[in-house]
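**Student:** Numbering (UniProt numbering), first residue to last: 1 to 443.
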Amino acid sequence: MSKFKNTFELKFPNAAGIDIGASSHFVAVPPDRDDQPVREFPSFTEDLNALADWLTACEIDTVAMESTGVYWIPLFDLLEARGFTVYLVNARHVKNVPGRKSDVLDCQWLQQLMSFGLLSGAFRPQGDYAALRTLARLREMLLRCQATHIQHIQKALLLMNILLTEVLSDVMGVTGQLIIRAILAGERDGETLASYRNGHVKASEEDIAKALQGSWRDEHLFSLKVAVELYDFYAEQLMACDQQIQQQMEDLARYDLKPEKPKRRGGKPKNAPKFDARALLMQMCGVDLTRIDGIDVTTAFKVLSEIGADMSKFKSAKHFASWLGLCPGTKISGGKVLSAATKRTSNKVAQALKMAAVNLRNSQSALGAYYRRLCGRMDKGKAVTACAHKLARLIYAMLTKGEEYVDQGQTYYEEKYRERVIKNLTKRAEELGFQLTPASEMA
1 MSKFKNTFEL
11 KFPNAAGIDI
21 GASSHFVAVP
31 PDRDDQPVRE
41 FPSFTEDLNA
51 LADWLTACEI
61 DTVAMESTGV
71 YWIPLFDLLE
81 ARGFTVYLVN
91 ARHVKNVPGR
101 KSDVLDCQWL
111 QQLMSFGLLS
121 GAFRPQGDYA
131 ALRTLARLRE
141 MLLRCQATHI
151 QHIQKALLLM
161 NILLTEVLSD
171 VMGVTGQLII
181 RAILAGERDG
191 ETLASYRNGH
201 VKASEEDIAK
211 ALQGSWRDEH
221 LFSLKVAVEL
231 YDFYAEQLMA
241 CDQQIQQQME
251 DLARYDLKPE
261 KPKRRGGKPK
271 NAPKFDARAL
281 LMQMCGVDLT
291 RIDGIDVTTA
301 FKVLSEIGAD
311 MSKFKSAKHF
321 ASWLGLCPGT
331 KISGGKVLSA
341 ATKRTSNKVA
351 QALKMAAVNL
361 RNSQSALGAY
371 YRRLCGRMDK
381 GKAVTACAHK
391 LARLIYAMLT
401 KGEEYVDQGQ
411 TYYEEKYRER
421 VIKNLTKRAE
431 ELGFQLTPAS
441 EMA
């Protein structure tokens, strides 16, 4: 028993544990700091300040708390502003002894684990990057809400047998919006509505006119009107949100750089911010992440808004990829690998990188060739994860070293891959007592 006690030493003797709740928080400090080492504080701001004052009086400098919902955020910000070192820990990693579950025991268990240095804090961007992440997630929510009302618009059109979705790839594109708003203004003639056709639309005016012959029922027209008004409302909110994001990114700009002309053809992604986000992203981190094939402005914005430009909290590219949940698992027992599957994760950066990996399927670049080779060796899901892992390592290298990514091209990658295969085959042949001879020499 004494040997076990000597194994664990106090690493944070001035640590406190907090069990977070919606209406109150339970706080535990070392037993020798107060006659009542466990106290309950309501979640009102006045009581949170009293909590911080009590921790200061108890000479606490380190605090561990569970990441419960969003209830931890006000207390986390307040304690961090008061100079405490705050560790936000995953509730699944601090399970107490089964059969003994209470708020008092939970906060004491957190305090004990933190005292011995057995807890690690979750990653959270610092300062203004936390504000940028909040705005970016708000923008995602607005886009999802707007997309819902696009579905309502499509449903109202289909109920009137207005088959606009059959002739237009994007109902809310330039042509689609002109036609829909003309319908709401009272126009019913198919040929007149079809005249709004944009020159880039593949369908002819005759086909569009045929698709615009419907029943024009009043209840469905009213549903269409409400859906369009809600779509416009969220478009206004998106514009206001983009202005806030632009201002926040300008405040975070540290480098006076201008990106080169993008090497890819085509316009900006549909849901990308309306301002020059690419230039601001480069001024924030000093490198142009969009030079990596598969990563566009929206993906680069997602990465920087979620993790920021400072990668010092990740010891290496391996640690970064592991945090993203893109590393193979290490479930081993008795020297046998039971499973190498990646862990399930809802990490937003990982999801964005997987989408970027899928976009490489037709890329004539080294990364595109790498993705297609992986698809030939394994199922598509594993290939996407492996390619996303590679993208994560490239991003880590660019943000830590400040070097630009240079694509060597598909031909270069295939040649290097051929050299590796020949080298491995030659080595294997020598082990078996054979010698490889090129077909050209045999002729």
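Glycine is no exception: its CB is placed at the ideal position from the N, C-alpha and C atoms.
Quantities reported herein were computed from a predicted structural model and do not represent experimental measurements.
Between the alpha carbons of K331 and G325, how many angstroms are there, rounded?
**Tutor:** Stepping through the sequence shown from its first residue, residue 331 is reached at position 331. Stepping through the sequence shown from its first residue, residue 325 is reached at position 325. Computed Cα separation, rounded: 14 Å.
**Student:** Go through its chain and collect everything with a Cβ distance to M311's Cβ below 8 Å, but skip five positions before and after it.
**Tutor:** Taking the sequence shown and counting its residues from 1, the one referred to as residue 311 is at position 311. Correct list, in chain order: F320, Y396, L399, T400.
**Student:** With DSSP as the reference, please indicate the residues paired to A64 in a beta bridge.
**Tutor:** Here residue 64 corresponds to residue number 64 of the sequence shown, with the count starting at 1. In the DSSP output, where bridge partners are listed per residue, A64 has G17, Y87.
**Student:** Going by beta-carbon coordinates alone, are R188 and W216 separated by less than 8 Å?
**Tutor:** The sequence position of residue 188 within the sequence shown is 188, counting from 1. The sequence position of residue 216 within the sequence shown is 216, counting from 1. Yes, the pair counts as a contact, with Cβ atoms nearer than the cut-off.
**Student:** With a 10 Å radius around its C-beta and 16 neighbouring C-beta atoms as the bar for buried, classify G127 as buried or exposed.
**Tutor:** Within the sequence shown, residue 127 is the residue found at index 127, counting from 1. Exposed: under 16 other Cβ atoms inside 10 Å.
**Student:** Are there 16 or more other CB atoms within 10 angstroms of the CB of V27, so buried, or fewer, so exposed?
**Tutor:** Within the sequence shown, numbered from 1, the residue matching residue 27 stands at position 27. It is buried - the Cβ of V27 has at least 16 other Cβ atoms within 10 Å.
**Student:** R197 by DSSP, collapsed to three states: which one?
**Tutor:** The residue you call residue 197 lines up with position 197 of the sequence shown. R197: coil per DSSP, three-state reduction.
**Student:** Quick one: Cα of L304 to Cα of R133, how far?
**Tutor:** Here residue 304 is taken as the residue at index 304 of the sequence shown, counted from 1. Here residue 133 is taken as the residue at index 133 of the sequence shown, counted from 1. The alpha-carbon atoms of L304 and R133 are separated by roughly 9 Å.
**Student:** Cβ atoms of M114 and A64: under 8 Å apart, would you say?
**Tutor:** For the purposes of this step, residue 64 is taken as the residue at position 64 of the sequence shown. For the purposes of this step, residue 114 is taken as the residue at position 114 of the sequence shown. Yes, they are a contact pair.
**Student:** Please classify residue 530: does DSSP put it in a helix, a strand, or coil?
**Tutor:** Outside the shown range of the chain (1 to 443) lies residue 530, about which nothing can therefore be said.
**Student:** When DSSP labels each residue in this structure, what does P74 get in the three-state scheme?
**Tutor:** Taking the first residue of the sequence shown as 1, we reach residue 74 at position 74. Looking at P74 - three-state DSSP - the assignment turns out to be helix.
**Student:** Could you compute how far the alpha carbon of P438 sits from the alpha carbon of A369?
**Tutor:** As a working note, residue 438 is residue 438 in the sequence shown. As a working note, residue 369 is residue 369 in the sequence shown. Taking the straight line joining both Cα atoms gives about 25 Å.
**Student:** Report yes or no: do three or more beta-carbon pairs, one from the region 411-418 and one from the region 345-358, lie closer than 8 Å?
**Tutor:** With a cut-off of 8 Å, the region 345-358 and the region 411-418 do not count as touching, because too few Cβ pairs lie within range.
**Student:** Quick check for students: name the residue ranges of the beta strand (DSSP E) that lie wholly in the region 299-346, counting only runs of 3 or more.
**Tutor:** Here the runs fully enclosed are 331-333, 336-339.
**Student:** Quick check: the Cα distance between S2 and S43, rounded to an integer number of angstroms?
**Tutor:** In the sequence shown, residue 2 corresponds to position 2, counting from 1. In the sequence shown, residue 43 corresponds to position 43, counting from 1. Below a pLDDT of 50, predicted positions are generally treated as unreliable, and S2, at 45, falls in that range; the measurement from the model is reported next regardless. Distance between the alpha carbons of S2 and S43: 41 Å.
**Student:** Look at N161 and G214 and say whether their C-beta atoms are less than 8 Å apart.
**Tutor:** As a working mapping, residue 161 is identified with position 161 in the sequence shown. As a working mapping, residue 214 is identified with position 214 in the sequence shown. Yes; because the gap between Cβ atoms is below 8 Å, this pair is in contact.
**Student:** Please list, in chain order, all residues of the same chain as R377 whose beta carbon is under 8 Å from its beta carbon, the five residues on each side excluded.
**Tutor:** Working through the sequence shown from its first residue, we reach residue 377 at position 377. Here the set comprises A383.
**Student:** When the Cα atoms are used, what is the spatial distance from M239 to K274?
**Tutor:** Along the sequence shown, one-based indexing puts residue 239 at 239. Along the sequence shown, one-based indexing puts residue 274 at 274. C-alpha separation (whole angstroms): 8 Å.
**Student:** Less than 8 Å separating the beta-carbons of A209 and E191?
**Tutor:** Stepping through the sequence shown from its first residue, residue 209 is reached at position 209. Stepping through the sequence shown from its first residue, residue 191 is reached at position 191. Yes. Within cutoff.
**Student:** Going by the beta-carbon positions, is the gap between G121 and G286 smaller than 8 Å?
**Tutor:** Walking along the sequence shown from the start, residue 121 turns up at place 121. Walking along the sequence shown from the start, residue 286 turns up at place 286. For G121 and G286, no; Cβs fall outside 8 Å.
**Student:** Determine the direct distance from the alpha carbon of R373 to that of V167, and round the result to whole angstroms.
**Tutor:** One-based indexing of the sequence shown puts residue 167 at position 167. One-based indexing of the sequence shown puts residue 373 at position 373. About 36 Å.
**Student:** How would you label residue 459, buried or exposed, when you count the other beta carbons within 10 angstroms and need 16 or more for buried?
**Tutor:** It is not possible to answer for residue 459, since the shown part of the chain is limited to 1 through 443.
**Student:** So what does DSSP say about residue 444, is it helix, strand or coil?
**Tutor:** This structure leaves residue 444 out entirely; the chain is present only between 1 and 443.
**Student:** For F26, which of helix, strand or coil comes out of DSSP?
**Tutor:** Your numbering for residue 26 matches position 26 in the sequence shown. Correct three-state label for F26: strand.
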